[in-house]
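Take 1 as the starting number for the sequence shown in UniProt numbering and just add one per residue.
Glycine residues also receive a C-beta, built at the ideal position from the N, C-alpha and C atoms.
Right, one structure below, let's go through it.
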Amino acid sequence: MNISTCRLDSCPVVDRKLIVQIDNKNNSCVTAESCPRIEAFRSHWNQIKAAVSAEGLLCEDTVHLIFNHVDQLIALLISCVKVGDEDDAQARSALRQVVGEERVFDILTTWCVANSSSWKNAIAQQLLKVYETLVSQSAEFVICFRHVFSSLPYLCQTLLGDATLPRDTEECVVFLMHQVCTKMVVVTGDHGPPPDRQHNVFFDLDQGSSSEPSNYISILKLMVPFLFREDRVGQLSRDSLLFVLANFSKIDTVVSYVADESNFCPV
Numbered sequence: 001m002n003i004s005t006c007r008l009d010s011c012p013v014v015d016r017k018l019i020v021q022i023d024n025k026n027n028s029c030v031t032a033e034s035c036p037r038i039e040a041f042r043s044h045w046n047q048i049k050a051a052v053s054a055e056g057l058l059c060e061d062t063v064h065l066i067f068n069h070v071d072q073l074i075a076l077l078i079s080c081v082k083v084g085d086e087d088d089a090q091a092r093s094a095l096r097q098v099v100g101e102e103r104v105f106d107i108l109t110t111w112c113v114a115n116s117s118s119w120k121n122a123i124a125q126q127l128l129k130v131y132e133t134l135v136s137q138s139a140e141f142v143i144c145f146r147h148v149f150s151s152l153p154y155l156c157q158t159l160l161g162d163a164t165l166p167r168d169t170e171e172c173v174v175f176l177m178h179q180v181c182t183k184m185v186v187v188t189g190d191h192g193p194p195p196d197r198q199h200n201v202f203f204d205l206d207q208g209s210s211s212e213p214s215n216y217i218s219i220l221k222l223m224v225p226f227l228f229r230e231d232r233v234g235q236l237s238r239d240s241l242l243f244v245l246a247n248f249s250k251i252d253t254v255v256s257y258v259a260d261e262s263n264f265c266p267v
């Protein structure tokens, strides 16, 4: 499987088409209670929660149901976090509140990594593609919002730690981490931390502010084992590290991490 084909329509389980263009007319959002988009978000999320927490064997219909609702949930999320007017800013704030309070991505990630059914790999690929869509279309929301970002490296770490992980899923994991690296310097200005603070998000240097610091695993740390691979995965890992070094080389903590802990230049 070519790593460039890791896209939403490549999953063997669910034939999905993410619709991210939502009519914004008459969608004035003020609070989580009064915004139609937030109400729709909650509705889809409640059905997802019910499905992932249901007892019994997981079947194909349930997987279809969950990710059909995830499609709609992500479409609503992207439509709300796009840069827009004051109402959109209020919607983004309300949406952050809902995502944080409901632990949306924590629950989806926990369900994915804890799944032991025959659908485990397909579910993992689906969730990776959800993150890929979010990173490509709403990078500032993923990278700068801990309630979302903390689950991403945790998912990647858990999947890469599975000795039975198929090669195509491994490639999708590394491709996603590469996307995060390339988006880091793009997320600046009003919609993310300034460049001198982005490294805290990326390298997890301020874990103390989190109630679950174990979830904050450095994306770069996860890519180090692939640096010396002679394949596409290795090339993506090397490109990612060089990209980070080129843009954060003046930050002492980042340089120290690469020099002392990354084993990037083994002797």
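If you ignore the 5 residues before and after Leu57, its C-beta comes within less than 8 Å of the C-beta of Ser117, all in its own chain and listed in chain order. With fewer than 16 other Cβ atoms inside 10 Å of its own Cβ, Arg167 counts as exposed. Look at Ala163 here: in three-state DSSP terms it is coil, with no helix or strand label. Runs of the alpha helix (DSSP H) lying entirely within the stretch 52 to 118 and spanning at least 4 residues, in chain order: 60 to 81, 86 to 102, 104 to 114. Straight across, the Cα-Cα distance linking Val130 with Gln97 is about 20 Å. Counting other Cβ atoms within 10 Å of its Cβ, Phe149 reaches 16 or more and is therefore classed as buried. Taking 9 Å as the cut-off, the Cβ atoms of Ile66 and Val52 count as close. Straight across, the Cα-Cα distance linking His44 with His178 is about 30 Å.
Contact between Lys49 and Ile107 is confirmed by a C-beta separation of about 7 Å, below the 8 Å threshold. With 16 or more other Cβ atoms inside 10 Å of its own Cβ, Leu127 counts as buried. When Cys156, Arg103, Gly100 are compared, the shortest CA-CA separation from Gln125 is found for Cys156. Gln137 is not a Cβ neighbour of Ile219, given a cutoff of 9 Å. By the 16-neighbour rule on beta-carbons within 10 angstroms, Thr133 is buried.
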